[in-house]
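What follows is a short report on a single structure.
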Amino acid sequence: MMLEVRHVDAGYGATTILNDVSLTVDEGEVVTIVGANGAGKTTTLRTISSLIKPTSGSVLFDGEDISRKGADEIVEMGITMIPEGRQLFPDMTVRENLMMGAFKKSARAHQADTLEEVLDLFPRVHERLDQNANSLSGGEQQMVAIARGLMARPRLLMFDEPSLGLAPIIVTQVFEVIDKIVATGATVLIVEQNVFHTLKAADRGYVLENGAIVMADKADALLDNEHVRKAYLGI
Amino acid sequence: MEVFLQVLVNGLMLGGLFAIIGIGLTLIFGIVKVINFAHGEFLMVGMYAAFLLTTALDVHPYTTAIAVIPLLFVFGMLTQRFLIQPLMNARDDHIQIFVTVGLSTALINLALLVFGAEFATTPPSGLRTALEIGPVRVLVGQLVVFGAATLLVVGLTLYLNNTQFGRAIRAVAQNRAAARLMGINVNWVYIVTFGLGAACVGLAASLIAPLYPTSQTIGTYFVLIAFVVVVLGGMGSITGAFLGAMVIGLIDSFSAYYIGSDLREVAVFTVFLLILILRPQGLFGGRQTLSHVS
Ligand SMILES: Nc1ncnc2c1ncn2[C@@H]1O[C@H](COP(=O)(O)OP(=O)(O)OP(=O)(O)O)[C@@H](O)[C@H]1O
Ligand SMILES: [Mg+2]
Numbered sequence: 179m180m181l182e183v184r185h186v187d188a189g190y191g192a193t194t195i196l197n198d199v200s201l202t203v204d205e206g207e208v209v210t211i212v213g214a215n216g217a218g219k220t221t222t223l224r225t226i227s228s229l230i231k232p233t234s235g236s237v238l239f240d241g242e243d244i245s246r247k248g249a250d251e252i253v254e255m256g257i258t259m260i261p262e263g264r265q266l267f268p269d270m271t272v273r274e275n276l277m278m279g280a281f282k283k284s285a286r287a288h289q290a291d292t293l294e295e296v297l298d299l300f301p302r303v304h305e306r307l308d309q310n311a312n313s314l315s316g317g318e319q320q321m322v323a324i325a326r327g328l329m330a331r332p333r334l335l336m337f338d339e340p341s342l343g344l345a346p347i348i349v350t351q352v353f354e355v356i357d358k359i360v361a362t363g364a365t366v367l368i369v370e371q372n373v374f375h376t377l378k379a380a381d382r383g384y385v386l387e388n389g390a391i392v393m394a395d396k397a398d399a400l401l402d403n404e405h406v407r408k409a410y411l412g413i
Numbered sequence: 007m008e009v010f011l012q013v014l015v016n017g018l019m020l021g022g023l024f025a026i027i028g029i030g031l032t033l034i035f036g037i038v039k040v041i042n043f044a045h046g047e048f049l050m051v052g053m054y055a056a057f058l059l060t061t062a063l064d065v066h067p068y069t070t071a072i073a074v075i076p077l078l079f080v081f082g083m084l085t086q087r088f089l090i091q092p093l094m095n096a097r098d099d100h101i102q103i104f105v106t107v108g109l110s111t112a113l114i115n116l117a118l119l120v121f122g123a124e125f126a127t128t129p130p131s132g133l134r135t136a137l138e139i140g141p142v143r144v145l146v147g148q149l150v151v152f153g154a155a156t157l158l159v160v161g162l163t164l165y166l167n168n169t170q171f172g173r174a175i176r177a178v179a180q181n182r183a184a185a186r187l188m189g190i191n192v193n194w195v196y197i198v199t200f201g202l203g204a205a206c207v208g209l210a211a212s213l214i215a216p217l218y219p220t221s222q223t224i225g226t227y228f229v230l231i232a233f234v235v236v237v238l239g240g241m242g243s244i245t246g247a248f249l250g251a252m253v254i255g256l257i258d259s260f261s262a263y264y265i266g267s268d269l270r271e272v273a274v275f276t277v278f279l280l281i282l283i284l285r286p287q288g289l290f291g292g293r294q295t296l297s298h299v300s
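First to last, the protein sequences are chains A and B.
With the working numbering, the residue at position 67 of the first sequence is 245, and numbering never jumps.
With the working numbering, the residue at position 179 of the second sequence is 185, and numbering never jumps.
And the structure:
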């Protein structure tokens with residue numbers, strides 16, 4: 179198992195958000211976490227990234243407990259998170275943003291090759307390389323955020339709400355890009371408000387409610403599940 | 007006209023002095039977002055070190071930079087690691103202010119204990135000799151300070167824009183959370199940056215020591231101006247701090263000559279307050295902060 183979250187409790191300060199969360203992601207799998215606003219999806223990804231430390235339980239990567247490691251070590255080991263809300267470096271050029279994506283030692287050496295590969299996926303980003311990130315449109319910024327994540331050549335790529343706040347046509351483009359990334363055989367853990375599309379693309383899914391996993395199944399099964407259809411697909 | 011030129015050059019030289027002290031301060035402020043109230047005392051420590059090394063080893067004062075810069079670099083790193091970092095996530099940012107103010111007071115008293123109240127005069131080694139350039143006279147040492155300040159601005163800007171670690175420093179200043187997601191060790195960046203800021207003032211110390219007698223209060227004297235320079239420059243802009251230093255140097259020099267030398271500080275702070283009221287983002291602020299060096 180590539181990633182294994184085992185009975186994790188985590189939160190902010192004295193507030194516990196996640197209660198006994200367990201999930202796994204195997205090599206080559208696309209896994210999604212479905213949940214309402216405030217359910218704890220971002221908190222789960224942050225815990226895996228070691229931006230917050232679990233108060234109990236553990237996170238294993240390739241069988242090794244990584245829950246006490248620094249966030250920078252997690253990235254170095256091969257887990258990259260593309261955060262909610264893009265989080266670019268606003269006063270750096272697109273090129274510099276992408277270079278920061280390849281900051282970790284193991285990615286730095288291949289920076290030029292990776293850049294070429296990544297830019298093939300994002301022709302629009304290519305055109306904007308020397309522009310400041312804050313001068314891009316929201317959709318372009320999201321593309322840069324994804325491209326920046328790929329620059330790390332991660333073994334596990336985590337998306338947090340990649341389509342948040344984007345116009346429908348841009349959302350389609352973002353999903354096209356994600357589908358292309360998935361088609362390369364990448365291992366992906368994705369949180370996305372567009373549950374229908376994500377479940378279509380995913381192998382498996384978890385349903386997170388009030389900080390606890392209430393359901394775990396194959397993505398097709400979740401698509402057919404009555405509760406999921408009612409609560410998250412609006413059918 | 008000749009007098010005007012001389013006053014102009016005096017102002018620029020003074021500006022160079024303020025700049026070389028202010029650059030480190032603005033670097034630390036721009037990246038770590040901490041106001042280092044002990045910055046002047048870092049300068050004092052460096053100047054005492056330069057004095058001791060110069061007299062003990064009988065070397066040219068500039069030679070001491072080889073030791074004083076690394077010394078201050080380490081001193082800055084330790085300050086960040088053991089005094090600032092533990093408080094960085096404190097709920098109240100003001101605690102960091104008290105820590106650097108406390109460090110400042112401690113260093114002043116330590117210096118008083120070690121060196122007593124007397125001035126420590128580093129041998130001028132020819133650096134207080136006046137050069138005649140056309141109609142104006144400048145001290146060799148002042149010219150060197152000015153040149154060094156200019157090179158420091160250019161060098162730091164190139165470093166921050168063109169090296170991987172330099173870019174990481176800017177990334178941390180612009181978006182700390184995202185920087186961590188890139189695998190950047192943010193605490194380490196802060197430690198190195200604080201070290202770099204202190205190293206800048208270490209360079210300043212070795213260059214200034216032969217020009218001014220060192221005392222416990224030397225830092226207090228210079229750092230007040232350095233703060234003005236940093237604010238004028240737009241809080242955290244290296245080029246801005248340099249230009250701000252020139253403005254202050256010129257105001258100082260012109261007011262001393264044309265208004266009266268006991269009124270120069272009044273003039274400097276009057277202009278400073280006016281600028282603050284009219285342009286709170288600083289004269290050169292708003293664009294070129296360290297988050298965006300260009
Ligand atoms: N930095 C923080 N400090 C304190 N509480 C937080 C913080 N971030 C999130 N929370 C709280 O944790 C809970 C879970 O938040 P989280 O961001 O994980 O939810 P989410 O499932 O990602 O929601 P959304 O769909 O809105 O992104 C919420 O109640 C939120 O208010
Ligand atoms: Mg979220």
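Just so it is clear, CB atoms sit at the ideal spot from N, CA and C, and this is done for glycine as well.
When DSSP states are grouped into helix, strand and coil, F290 of chain B belongs to the coil group. A residue is called buried when at least 16 other Cβ atoms come within 10 angstroms of its Cβ; N275 of chain A meets this threshold and is buried.
Taking the CA atoms as reference points, I37 of chain B sits about 33 Å from L14 of chain B.
Counting along the chain, I413 of chain A sits inside no beta strand (DSSP E), nor does DSSP assign it H or E at all. The alpha-carbon of G363 of chain A is positioned some 15 Å away from that of E354 of chain A. Between the beta-carbon of A205 of chain B and that of F79 of chain B there is about 4 Å, and that keeps the pair under the 8 Å contact cut. In the same chain as F248 of chain B, and ignoring 5 residues on each side of it, the C-beta atoms closer than 6 Å to its own belong to A25, V159, in chain order.
Shown here for L386 of chain A: same chain residues with a beta carbon closer than 8 Å to its own, the five before and five after excluded, namely V199, I211, V212, G213, A217, G218, K219, T222, V392 in chain order.
Taking every protein chain shown into account, the CB of V51 of chain B has 16 or more other CB atoms within 10 angstroms, so this residue is buried.
In the pairwise beta carbon analysis, the stretch 320–330 of chain A is classified as touching the stretch 290–308 of chain A: at least three pairs are separated by under 8 Å.
In terms of beta-carbon proximity, A247 of chain B stays away from the interface with chain A, with every pair separated by 8 Å or more. By the Cβ neighbour-count rule, L266 of chain A is buried, with 16 or more other Cβ atoms within 10 Å of its own. In summary, N215 of chain A is exposed, with fewer than 16 beta-carbon neighbours lying within 10 Å of its beta-carbon over all protein chains present.
Going by C-alpha positions, N167 of chain B is about 17 Å away from I34 of chain B. If you measure from each CB to the nearest heavy atom of ligand 2, the residues under 7 Å come out as A:K219, A:T220, A:E262, A:D338, A:E339, A:V369. Under the Cβ criterion (8 Å, minimum of three pairs), the stretch 395–406 of chain A counts as touching the stretch 374–385 of chain A. DSSP, reduced to helix, strand and coil, places R270 of chain B within a helical segment of the structure shown.
Sixteen is the threshold: since fewer than 16 other Cβ atoms of the shown chains lie within 10 Å of the Cβ of V272 of chain B, the residue is exposed. In this structure N95 of chain B is exposed. Its beta-carbon is surrounded by fewer than 16 other beta-carbon atoms within 10 angstroms. Its chain contains P141, V142, R143 as the residues whose beta carbon lies nearer than 8 Å to that of Q12 of chain B, once the 5 sequence neighbours on both sides are disregarded; these appear in chain order. Fewer than three beta-carbon pairs drawn from the stretch 242–261 of chain A and the stretch 167–180 of chain B are found closer than 8 Å, and the two stretches are therefore not classed as touching.
Closest in C-alpha terms to I114 of chain B, from the list B:L137, B:S259, B:S221, comes B:S221.
Checking the 7 Å criterion, the Cβ of Y384 of chain A is out of range of every heavy atom belonging to ligand 1. Distance from the C-beta of G216 of chain A to the nearest heavy atom of ligand 1 is below 7 Å. At a threshold of 7 Å, Y410 of chain A does not count as near ligand 1, since its beta carbon sits no closer than that to any of the ligand's heavy atoms. For F239 of chain A, the secondary structure class from DSSP, reduced to helix, strand or coil, is strand. Annotation: the continuous alpha helix (DSSP H) that includes A205 of chain B extends over 192–214. Distance from the CA atom of G108 of chain B to the CA atom of A117 of chain B, rounded to whole angstroms, is 14 Å. At a cut-off of 7 Å, the beta-carbon of I195 of chain A counts as near ligand 1: some heavy atom of the ligand is closer than that.
In terms of Cα proximity to V303 of chain A, the closest of A:K282, A:R273, A:M278, A:A290 is A:R273.
In the assembly as shown, F171 of chain B is an exposed residue. Its beta-carbon has fewer than 16 other beta-carbons within 10 Å.
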